[in-house]
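Inspection log for the structure reproduced underneath, given as structure tokens.
Protein chains in written order, with my numbering: chain A, 704 to 907; chain B, 704 to 907.
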């Protein structure tokens, strides 16, 4: 690179969300999937991400796999730790949105107040709460990680839906019912919502 | 979007770093700028980011402005809090690298052990420690935020270089001396290093 190709400005020139937006061709966004363990949040989020990625969107998933083993490895499952867990995830989502990225966050996030606090970090149009609604009995019958079994036997304490509350969203942007509909239909519902709201620009 | 355009796979299909890499056309990377307050870390990081962005790289800055007011707003400046501050920043950088992004992190990060712990989160080629070397006297004479004045008067406690240690890196990938060289030369040095190491692919 020749010296004369440098175009450095020293003062107050900082790349902003709008620079990233122009480059990426779509608005940044948080798709916040909330629901019981086993409701299909993570499956849904990954499937939606893959579709968005294939369409050329800049995306990233935040879920238990990459958060609980890293950033929040110091937190447990007490109410205080769960609140701090969600607070930090919200702040990380904000950094990704600032970088122009569509964040898909899949966490039980059982407390309404915590989710509202995350929502408040964003512009109204940037935050989409997706309630992944599924009856406890159905979630428990799926029990993909055997967690309900452990919770019922008392081996696992403070398990959402068993001995820890889940507070249903009052006004989520979108509800998908994964007890009645397959995940493919649910993915389609999320994509339709995002598209109709004009978040992605261009011709979908 | 027509139903038949959905291409959903349900099991274990998760986008990986290599998917993002293919799309972005360059490796993800952490450029970790460490040095005293006033050494020019943040100025340098922003200027390098702008150049990389102009070249088409996918970049994001982590610095005090977006971390201390958000994710780490619960932390102070005690040794324990400083360690936790750097730990969390390292974990967030890891998420961005996982998303295929070049992260520029500009933090005093005074403790060697903390920086090494961050380094250990990454592949060897992914982490570049840039020691922004500048004599304390020069940093203090710049004092862009008036912090050294406050530290000298005792108004500010535990200030790195005054009453809190700064541990010089033993083996940083790169040292830039901002007391002897202007920021433009320093930017050039960082870009040359990154380019020579082949991180960016293509023809620079």
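Built from N, CA and C at the ideal position, the CB exists for glycine as well.
Note that the structure is predicted; figures quoted are calculated from it, not measured.
Rounding to the nearest angstrom, what Cα-Cα distance links residue 867 of chain A and residue 861 of chain A in this structure?
Within the first chain, residue 867 of chain A is the residue found at index 164, counting from 1. Within the first chain, residue 861 of chain A is the residue found at index 158, counting from 1. Rounded to whole angstroms, residue 867 of chain A to residue 861 of chain A spans 5 Å at the Cα level.
Partner residues on chain A for residue 756 of chain B, Cβ-Cβ distance less than 9 Å
In the second chain, counting from the first residue as 1, residue 756 of chain B sits at position 53. Neighbours of residue 756 of chain B on chain A, chain order: 718, 722, 723 and 726.
Go through the stretch 805-886 of chain A residue by residue and report every complete run of the beta strand (DSSP E) that reaches 3 residues or more, in order.
805-809, 830-836 and 877-880
Beta-carbon separation of residue 850 of chain B and residue 740 of chain B under 9 Å?
To locate residue 850 of chain B, count along the second chain from 1; it is residue 147. To locate residue 740 of chain B, count along the second chain from 1; it is residue 37. Their beta carbons are under 9 Å apart, which means residue 850 of chain B touches residue 740 of chain B by this criterion.
Quick one: does residue 713 of chain A have its CB under 9 Å from some CB of chain B?
Within the first chain, numbered from 1, the residue matching residue 713 of chain A stands at position 10. Model confidence at residue 713 of chain A stands at a pLDDT of 44, short of 50, so the residue's coordinates are unreliable; what they give is reported in the following sentence. Interface residue, yes.
Can you tell me the Cα-Cα spacing of residue 869 of chain B and residue 742 of chain A, whole angstroms?
Residue mapping note: residue 869 of chain B aligns to position 166 of the second chain, counting from 1. Residue mapping note: residue 742 of chain A aligns to position 39 of the first chain, counting from 1. Taking the straight line from one Cα to the other gives about 49 Å.
Comparing alpha-carbon positions, which option in A:722, A:736 and A:757 lies nearest residue 717 of chain B?
Taking the second chain and counting its residues from 1, the one referred to as residue 717 of chain B is at position 14. Of A:722, A:736 and A:757, the residue nearest in Cα terms is A:757.
Cutting at 8 Å between CB atoms, please list the residues of its own chain near residue 688 of chain A, excluding the five before and the five after it.
A question about residue 688 of chain A goes unanswered here, because the residues of chain A that appear run from 704 up to 907.
CB of residue 787 of chain B to nearest heavy atom of the ligand MG: below 8 Å?
For the ligand MG, the structure offers nothing, since it holds no ligand at all.
Rounded to the nearest angstrom, how far is the Cβ of residue 763 of chain A from that of residue 804 of chain A, given a contact under 8 Å?
Against the first chain, residue 763 of chain A aligns to sequence position 60. Against the first chain, residue 804 of chain A aligns to sequence position 101. Yes, residue 763 of chain A and residue 804 of chain A are in contact; Cβ-Cβ is about 5 Å, under 8 Å.
Whole-angstrom Cβ separation of residue 747 of chain A and residue 886 of chain A, contact assumed at under 8 Å?
Along the first chain, one-based indexing puts residue 747 of chain A at 44. Along the first chain, one-based indexing puts residue 886 of chain A at 183. Their Cβ separation, rounded to whole angstroms, is 6 Å, which keeps residue 747 of chain A and residue 886 of chain A in contact under 8 Å.
Residues that residue 791 of chain B contacts on chain A, provided the C-beta gap is smaller than 8 Å:
Stepping through the second chain from its first residue, residue 791 of chain B is reached at position 88. 774 and 791, listed in chain order.
Nearest-angstrom Cα distance between residue 821 of chain B and residue 857 of chain B?
Walking along the second chain from the start, residue 821 of chain B turns up at place 118. Walking along the second chain from the start, residue 857 of chain B turns up at place 154. Each residue's alpha carbon lies about 31 Å from the other.
Is the CB of residue 830 of chain B under 9 Å away from at least one CB in chain A?
On the second chain, position 127 is the one that residue 830 of chain B refers to. Cβ-Cβ to chain A under 9 Å: no for residue 830 of chain B.
Which residue wins for smallest C-alpha separation from residue 864 of chain B, given the options B:778, B:829, B:839 and B:721?
Mapped onto the second chain, residue 864 of chain B falls at position 161. Looking at the Cα atoms, B:839 is the closest of the given residues.
Throw me the rounded Cβ distance for the residue 729 of chain B and residue 903 of chain B pair, which I believe falls under 8 Å.
Your numbering for residue 729 of chain B matches position 26 in the second chain. Your numbering for residue 903 of chain B matches position 200 in the second chain. The Cβ separation is near 5 Å, so the contact holds.
Alpha carbon to alpha carbon, how far is residue 776 of chain A from residue 787 of chain A? Give it in angstroms, no decimals.
The count along the first chain starts at 1 and reaches residue 787 of chain A at position 84. The count along the first chain starts at 1 and reaches residue 776 of chain A at position 73. Roughly 12 Å separates the two Cα atoms.
So with Cβ pairs under 9 Å, would you call residue 732 of chain B a contact of chain E?
Here the protein chains are A and B, and chain E is not one of them.
From the DSSP output, in three-state form, read off residue 801 of chain B for me.
Along the second chain, one-based indexing puts residue 801 of chain B at 98. Judged by DSSP in its simplified three-state form, residue 801 of chain B adopts helix.
Closest Cα partner of residue 723 of chain B within the set B:883, B:799 and B:828
Mapped onto the second chain, residue 723 of chain B falls at position 20. Selected option, being the one with the closest Cα: B:799.
6 Å CB neighbourhood of residue 744 of chain B in its chain, flanking five on each side removed
Here residue 744 of chain B corresponds to residue number 41 of the second chain, with the count starting at 1. Cβ within range, chain order: 736, 738, 809 and 835.
Amino acids of chain B, ordered along the chain, whose beta-carbon sits closer than 8 Å to that of residue 804 of chain A:
The residue you call residue 804 of chain A lines up with position 101 of the first chain. What residue 804 of chain A touches in chain B: 802.
Between the C-alpha atoms of residue 784 of chain B and residue 899 of chain A, what's the straight-line distance to the nearest angstrom?
Within the second chain, the letter at position 81 stands for residue 784 of chain B. Within the first chain, the letter at position 196 stands for residue 899 of chain A. Approximately 45 Å, taken between the alpha carbons.
Residues of chain B with CB under 9 Å from residue 798 of chain A, in chain order?
As a first step, residue 798 of chain A is located in the first chain; it is residue number 95 there, counting from the start. Those within 9 Å of residue 798 of chain A in chain B are 763, 765, 769, 770, 773, 774, 795, 798 and 799.
Are the C-beta of residue 816 of chain B and some C-beta of chain A separated by less than 9 Å?
Residue 816 of chain B sits at position 113 when you count from the first residue of the second chain. No, because no Cβ of chain A sits closer than 9 Å to the Cβ of residue 816 of chain B.
Please go through the same chain and pick out, in chain order, the residues whose beta-carbon is closer than 6 Å to the beta-carbon of residue 780 of chain B, but skip the five residues on each side of it.
Residue 780 of chain B sits at position 77 when you count from the first residue of the second chain. Contacts found: 861.
If the cut is a Cβ gap below 7 Å, which residues of chain B does residue 752 of chain A touch?
Here the question's residue 752 of chain A lines up with position 49 in the first chain. Within 7 Å Cβ-Cβ: 718.
Taking the C-alpha atoms as reference points, what is the distance between residue 841 of chain B and residue 750 of chain B?
Taking the first residue of the second chain as 1, we reach residue 841 of chain B at position 138. Taking the first residue of the second chain as 1, we reach residue 750 of chain B at position 47. Distance between the alpha carbons of residue 841 of chain B and residue 750 of chain B is about 21 Å.
Is any beta-carbon of chain A found at less than 9 Å from that of residue 824 of chain B?
Within the second chain, numbered from 1, the residue matching residue 824 of chain B stands at position 121. It does: the Cβ of residue 824 of chain B has a partner Cβ on chain A nearer than 9 Å.
Quick check on this structure: which residue in A:891, A:725, A:827 and A:845 has the alpha carbon closest to the alpha carbon of residue 882 of chain A?
As a position in the first chain, residue 882 of chain A is number 179, starting the count at 1. Answer by Cα proximity: A:845.
Residue 729 of chain B touches chain A at which residues, Cβ-Cβ below 8 Å?
Indexing the second chain from 1 puts residue 729 of chain B at position 26. Under the 8 Å cutoff, chain A gives no residues; its nearest Cβ is about 14 Å from residue 729 of chain B.
Cβ-Cβ distance between residue 796 of chain B and residue 765 of chain B below 9 Å
For the purposes of this step, residue 796 of chain B is taken as residue 93 along the second chain, with counting starting at 1. For the purposes of this step, residue 765 of chain B is taken as residue 62 along the second chain, with counting starting at 1. Yes; because the gap between Cβ atoms is below 9 Å, this pair is in contact.
For residue 747 of chain A, report the span of its alpha helix (DSSP H) as first-last.
Taking the first chain and counting its residues from 1, the one referred to as residue 747 of chain A is at position 44. Its alpha helix (DSSP H) spans residues 744-757.
Quick check on the burial criterion: 16 or more other C-beta atoms within 10 angstroms. Buried or exposed for residue 889 of chain B?
The residue given as residue 889 of chain B occupies position 186 in the second chain. Its Cβ being crowded by 16 or more others within 10 Å, residue 889 of chain B is buried.
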